[in-house]
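Residue numbering for the sequence shown follows our numbering, starting at 116 and increasing by one per position. Cβ coordinates follow ideal geometry from the N, Cα and C atoms, glycine included. Predicted model only: the values in this text are computed from it and were never measured.
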Amino acid sequence: MRPPGFGREGVFFEALFNPPGPEVTHTLTFDNSRAILLSNVEVSLLNEEGMGDRTDLLQGTLDLLILKTLAAGPLHGWGIGKRIEQMSEDVLSIGQGSLYPALYRLEERGWISSEWSVSPGGRKVKVYQVTSDGRRQFRAEQATWRRLTSAVELVLQAP
Numbered sequence: 116m117r118p119p120g121f122g123r124e125g126v127f128f129e130a131l132f133n134p135p136g137p138e139v140t141h142t143l144t145f146d147n148s149r150a151i152l153l154s155n156v157e158v159s160l161l162n163e164e165g166m167g168d169r170t171d172l173l174q175g176t177l178d179l180l181i182l183k184t185l186a187a188g189p190l191h192g193w194g195i196g197k198r199i200e201q202m203s204e205d206v207l208s209i210g211q212g213s214l215y216p217a218l219y220r221l222e223e224r225g226w227i228s229s230e231w232s233v234s235p236g237g238r239k240v241k242v243y244q245v246t247s248d249g250r251r252q253f254r255a256e257q258a259t260w261r262r263l264t265s266a267v268e269l270v271l272q273a274p
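This is the structure we're talking about:
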């Protein structure tokens, strides 16, 4: 049984899972008419000792995480990264080298906006908030993510 939206012409899904070992690589490439592609996004999956293994994350996934985080209210960049870490129960840690380019990209697309503010500690910070276009994009990306994860789960459950 296929999740809705999969198996149509123009829909491509590829997954490469290397055998378990000290360095496990997961490469996912997913493309449909919206062209969500794999990118080299720096994310650490934290283990019980708080140590992380760097992994790649779908570019659209980071966008989805940021939009979800900002749906709760405006935050500065560092706060967005910390909130994602908290919401994932310390499993995901987004590197600054991935977070800030994603924020700039989302702002260019009109999905988030920003303004300069002063933190309680007196530092100048750029505070981001989701726009109405960003809320619409979040709903679309969330639906795509659910289709993708359903498809991956089907593959993992197959004999």
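Annotated three-state conformation of Trp231 is strand, per DSSP. Looking only at Val267, Ala255 and Leu269, the smallest Cα-Cα distance to Leu179 is reached by Ala255. Just measuring C-alpha positions, the residue of Ile209, Gly225 and Thr184 sitting nearest Asp248 is Gly225.
Taking the CA atoms as reference points, Ser234 sits about 19 angstroms from Gln211. Membership of Val270 in the alpha helix (DSSP H) is indicated by the continuous run Ser247 to Gln272.
Within the DSSP secondary-structure output, Val240 pairs in a beta bridge with Ser232. Apart from the 5 residues on each side of it in sequence, Ile199 sits with its Cβ closer than 7 angstroms to the Cβ of Leu180, Thr184, Leu207 and Ile209 in its chain, given in chain order. Looking from the CA of Leu221, the closest CA among Gly236, Glu204 and Arg251 belongs to Arg251. In terms of CA proximity to Val245, Ser229 leads the group Gly237, Thr259, Thr176 and Ser229.
Ser203 carries a coil assignment under DSSP once its states are collapsed to helix, strand and coil. In this structure Ala273 is exposed. Its beta-carbon is surrounded by fewer than 16 other beta-carbon atoms within 10 angstroms. In the DSSP assignment, Pro216 falls within the unbroken alpha helix (DSSP H) covering Gln211 to Glu223. Selection Val270, Glu223 and Tyr243 evaluated against Ala187 yields Tyr243 as nearest (Cα-Cα). The C-beta separation of Leu214 from Ile227 comes to about 12 angstroms, leaving the pair out of contact by the 8 angstroms criterion.
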